[in-house]
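Q: So that we are looking at the same thing, I have put the structure below in structure tokens.
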Amino acid sequence: AQSPVTVLGLGLMGTALASALLKAGHPTTVWNRTAAKTGPLAAQGATPADTAADAVAASPLIIVCLTTNEAVRALLAPEAEALAGRTLVNLTNGTPAQARELAQWAAAHGITYIDGGIMAVPQMIATPAAYILYSGSDEAAFETHRPTLEALADTKWVGKDPGLAALYDLSLLTGMYGMALGVAQAFALIGSEGIPAREFAPLLRDWIVAMTDGIVPETAEAIDTDQHLTDVSNLAMNREAYPNFIQAYAEQGLRTDAFEPFQDLLDRAVEEGHGADGLSRLVTLLKKS
Ligand code: NDP
Numbered sequence: 018a019q020s021p022v023t024v025l026g027l028g029l030m031g032t033a034l035a036s037a038l039l040k041a042g043h044p045t046t047v048w049n050r051t052a053a054k055t056g057p058l059a060a061q062g063a064t065p066a067d068t069a070a071d072a073v074a075a076s077p078l079i080i081v082c083l084t085t086n087e088a089v090r091a092l093l094a095p096e097a098e099a100l101a102g103r104t105l106v107n108l109t110n111g112t113p114a115q116a117r118e119l120a121q122w123a124a125a126h127g128i129t130y131i132d133g134g135i136m137a138v139p140q141m142i143a144t145p146a147a148y149i150l151y152s153g154s155d156e157a158a159f160e161t162h163r164p165t166l167e168a169l170a171d172t173k174w175v176g177k178d179p180g181l182a183a184l185y186d187l188s189l190l191t192g193m194y195g196m197a198l199g200v201a202q203a204f205a206l207i208g209s210e211g212i213p214a215r216e217f218a219p220l221l222r223d224w225i226v227a228m229t230d231g232i233v234p235e236t237a238e239a240i241d242t243d244q245h246l247t248d249v250s251n252l253a254m255n256r257e258a259y260p261n262f263i264q265a266y267a268e269q270g271l272r273t274d275a276f277e278p279f280q281d282l283l284d285r286a287v288e289e290g291h292g293a294d295g296l297s298r299l300v301t302l303l304k305k306s
């Protein structure tokens with residue numbers, strides 16, 4: 018028989034998680050602040066709990082997925098005693114420091130804490146495209162519950178520092194947001210002359226894939242060897258070319274503010290004597306001195 022699991026928080030993500038556990042055959046207890054959201058899951062076989070305390074008491078493994086870690090803290094602080102001796106897996110998006118603080122609170126109350134970062138949207142849960150990052154001081158507890166967690170998505174253990182899952186999660190999403198901003202500006206620029214987005218999309222997609230395949234591993238190599246010199250495209254040249262972008266946005270009636278900080282970064286790189294280096298040098302310039 019599959020082991021019992023409790024899910025606290027039945028938003029879009031929590032509902033997808035509980036549904037995946039039910040499909041995998043786990044007796045699943047669910048709780049949500051707004052009780053009506055337990056309805057569809059109860060129809061799939063979940064057991065709704067009247068209170069968070071009842072939900073916690075029902076399973077050795079408790080998965081929580083709320084909007085913020087502030088909400089997690091507020092919900093679970095009064096349930097510390099009920100959680101003692103159980104494993105709490107927190108899949109709420111947050112910062113490394115928040116995860117470490119929750120881990121400390123949990124340790125002080127005899128609760129096994131595992132932090133997680135979901136690299137998927139709700140629709141991707143329990144599909145091969147999804148994975149979840151995990152970290153926490155008790156790797157053995159993670160291994161114990163891993164077969165259950167595999168019902169949600171592929172599992173990636175990233176280490177014993179509880180803040181690591183959030184660090185990996187936010188670092189990956191940083192790449193995504195940077196790309197999303199570039200994609201938005203690219204469509205705005207091409208669209209400023211009425212070129213249909215659908216016509217431009219394949220070019221943009223292929224270009225980003227090709228650039229990603231080059232830039233990501235090359236940057237990693239440069240960072241790890243501390244060798245930023247390039248014979249491909251140096252910062253001095255990029256600095257001279259970049260004003261054309263800002264000028265073109267303005268000429269085409271677009272806002273320039275989202276892309277102006279990159280000029281500052283290029284200027285600073287050259288001023289600090291890194292003109293012959295490649296874009297990988299920007300990584301060191303982003304550190305606060
Ligand atoms: P939703 O807005 O759909 O759901 C939020 C959930 O949090 C609801 O169950 C809500 O309860 C609950 N909640 C909020 N505040 C409190 C509180 N103070 N006390 C108790 N419960 C509270 O968000 P999602 O389910 O989409 O997201 C949940 C987490 O998952 C977030 O941290 C998000 O960043 C992360 N995530 C989401 C992804 C997505 O694509 N959706 C992708 C990856 C991560 P109520 O129903 O009563 O309002």
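Each number in UniProt numbering corresponds to the 1-based position in the sequence shown with 17 added.
Here a beta-carbon is modelled for each residue, glycine too, at the ideal position from N, C-alpha and C.
Computed from a predicted structure; not experimentally measured.
1) Give me the DSSP bridge partner(s) of Tyr151.
2) May I have all residues whose beta carbon comes closer than 6 Å to any heavy atom of ligand 1, sorted in chain order?
3) Buried or exposed: where does Asp274 fall if 16 or more other Cβ atoms within 10 Å of its Cβ makes it buried?
4) Looking at Lys177 and Tyr148, is the spacing between their C-beta atoms short of 8 Å?
5) Helix, strand or coil: how does DSSP classify Val89 here?
6) Quick one: using the 10 Å Cβ neighbour count with 16 as the cut-off for buried, is Ile212 buried or exposed?
7) Measuring alpha carbon to alpha carbon, tell me which of Gly56, Thr46 and Gly295 ends up nearest Asp71.
8) Quick one: what's got a C-beta closer than 7 Å to Leu282's C-beta in the same chain, skipping five residues either side?
9) Going by the DSSP bridge assignment, what does Thr23 pair with across the sheet?
10) Can you grab the Cα-Cα spacing for the pair Thr64 / Ala286, in whole Å?
11) With DSSP as the reference, identify every bridge partner of Asn107, one or two as the case may be.
12) Return helix, strand or coil for Asp71, following the three-state DSSP convention.
13) According to DSSP, simplified to helix, strand and coil, what is Leu246?
14) Within 10 Å of its beta-carbon, does Ser152 have 16 or more other beta-carbons around it, so buried, or fewer, so exposed?
15) Just to confirm, is the Cβ distance from Ala205 to Ala170 under 8 Å?
16) Can you list, in chain order, the residues of its chain with a C-beta nearer than 7 Å to that of Ser76? Leave out the 5 residues immediately preceding and following it.
17) How would you label Ala227, buried or exposed, when you count the other beta carbons within 10 angstroms and need 16 or more for buried?
18) By Cβ distance, which residues of its chain are closer than 7 Å to Leu198, with the 5 residues on each side in sequence left out?
19) Use the C-beta contact count for Ala99: other C-beta atoms within 10 angstroms, 16 or more gives buried, fewer gives exposed.
20) Measure the CB-CB distance between Arg103 and Ile128 and report whether it falls below 8 Å.
21) Less than 8 Å separating the beta-carbons of Val89 and Asn110?
22) Taking Cβ to Cβ, would you say Ala239 is nearer than 8 Å to Gly295?
23) Among Gly134, Ala59 and Leu58, which one has its Cα closest to the Cα of Thr84?
24) Out of Ile142, Arg50 and Ile80, which one is the CA nearest neighbour of Thr68?
25) Let me make sure I understand the geometry here. Which of Arg272, Arg256 and Gly270 has the alpha-carbon closest to that of Ala293?
26) On the premise that Trp48 lies in contact with Leu78, defined as a C-beta separation below 8 Å, what is that separation, rounded to the nearest angstrom?
27) Determine the closest residue to Ala52 out of Ala41, Ala66, Gly62 and His43, with distance taken between C-alpha atoms.
28) Using three-state DSSP, classify Pro179 as helix, strand or coil.
A: Here's the rundown:
1) As a working note, residue 151 is residue 134 in the sequence shown. Partner(s): Gly133 and Trp174.
2) Gly26, Leu27, Gly28, Leu29, Met30, Gly31, Asn49, Arg50, Thr51, Lys54, Cys82, Leu83, Thr84, Ala88, Ala91, Leu92, Thr109, Asn110, Ile135, Val138 and Pro139
3) On the sequence shown, residue 274 is found 257 positions in, with the first residue counted as 1. Under this definition Asp274 is an exposed residue.
4) Along the sequence shown, one-based indexing puts residue 148 at 131. Along the sequence shown, one-based indexing puts residue 177 at 160. Not in contact: Tyr148 and Lys177 (Cβ atoms no closer than 8 Å).
5) Taking the sequence shown and counting its residues from 1, the one referred to as residue 89 is at position 72. The answer is helix: DSSP assigns Val89 an H, G or I state.
6) One-based indexing of the sequence shown puts residue 212 at position 195. It is exposed - the Cβ of Ile212 has fewer than 16 other Cβ atoms within 10 Å.
7) Locating residue 71 in the sequence shown gives position 54, where the first residue counts as 1. Nearest option by C-alpha distance: Thr46.
8) One-based indexing of the sequence shown puts residue 282 at position 265. Excluding positions up to five away in sequence, the list reads Leu299 and Leu302.
9) By one-based count along the sequence shown, residue 23 stands at place 6. In the DSSP output, where bridge partners are listed per residue, Thr23 has Thr46 and Ile79.
10) Within the sequence shown, residue 64 is the residue found at index 47, counting from 1. Within the sequence shown, residue 286 is the residue found at index 269, counting from 1. Whole-angstrom Cα-Cα distance: 58 Å.
11) Numbered from 1 along the sequence shown, position 90 holds the residue referred to as residue 107. Answer is Val81 and Asp132, bridged to Asn107.
12) Working through the sequence shown from its first residue, we reach residue 71 at position 54. Residue state, collapsed to three classes: helix.
13) To locate residue 246, count along the sequence shown from 1; it is residue 229. In this structure, Leu246 counts as strand in the three-state DSSP scheme.
14) Position 135 of the sequence shown, counted from the start, is the residue given in the question as residue 152. The residue in question, Ser152, is buried, as its Cβ has 16 or more Cβ neighbours within 10 Å.
15) Here residue 205 corresponds to residue number 188 of the sequence shown, with the count starting at 1. Here residue 170 corresponds to residue number 153 of the sequence shown, with the count starting at 1. No, they are not a contact pair.
16) Residue mapping note: residue 76 aligns to position 59 of the sequence shown, counting from 1. Pro21, Val22, Thr23 and Thr46.
17) As a position in the sequence shown, residue 227 is number 210, starting the count at 1. Exposed is the call here.
18) As a position in the sequence shown, residue 198 is number 181, starting the count at 1. Excluding positions up to five away in sequence, the list reads Ala275.
19) Reading the sequence shown from its first residue, position 82 is the one you call residue 99. Per the 10 Å Cβ criterion, buried.
20) The sequence position of residue 103 within the sequence shown is 86, counting from 1. The sequence position of residue 128 within the sequence shown is 111, counting from 1. Yes, the pair counts as a contact, with Cβ atoms nearer than the cut-off.
21) Residue numbering aside, residue 89 sits at position 72 when the sequence shown is read from its first letter. Residue numbering aside, residue 110 sits at position 93 when the sequence shown is read from its first letter. It is not a contact, given that the beta carbons lie outside the stated cut-off.
22) Along the sequence shown, one-based indexing puts residue 239 at 222. Along the sequence shown, one-based indexing puts residue 295 at 278. Result yes, Cβ atoms of Ala239 and Gly295 sit closer than 8 Å.
23) What you label residue 84 is simply residue 67 of the sequence shown in a count that begins at 1. Looking at the Cα atoms, Gly134 is the closest of the given residues.
24) Here the question's residue 68 lines up with position 51 in the sequence shown. Taking only the C-alpha atoms, the option nearest Thr68 is Arg50.
25) If you number the sequence shown from 1, residue 293 lands on position 276. Ranking Arg272, Arg256 and Gly270 by Cα distance to Ala293 puts Arg256 first.
26) In the sequence shown, counting from the first residue as 1, residue 78 sits at position 61. In the sequence shown, counting from the first residue as 1, residue 48 sits at position 31. Contact flag wrong, Cβ pair sits at about 14 Å.
27) Residue mapping note: residue 52 aligns to position 35 of the sequence shown, counting from 1. Residue Ala66 is the option with its Cα nearest to Ala52.
28) As a working note, residue 179 is residue 162 in the sequence shown. It is coil, neither helix nor strand.
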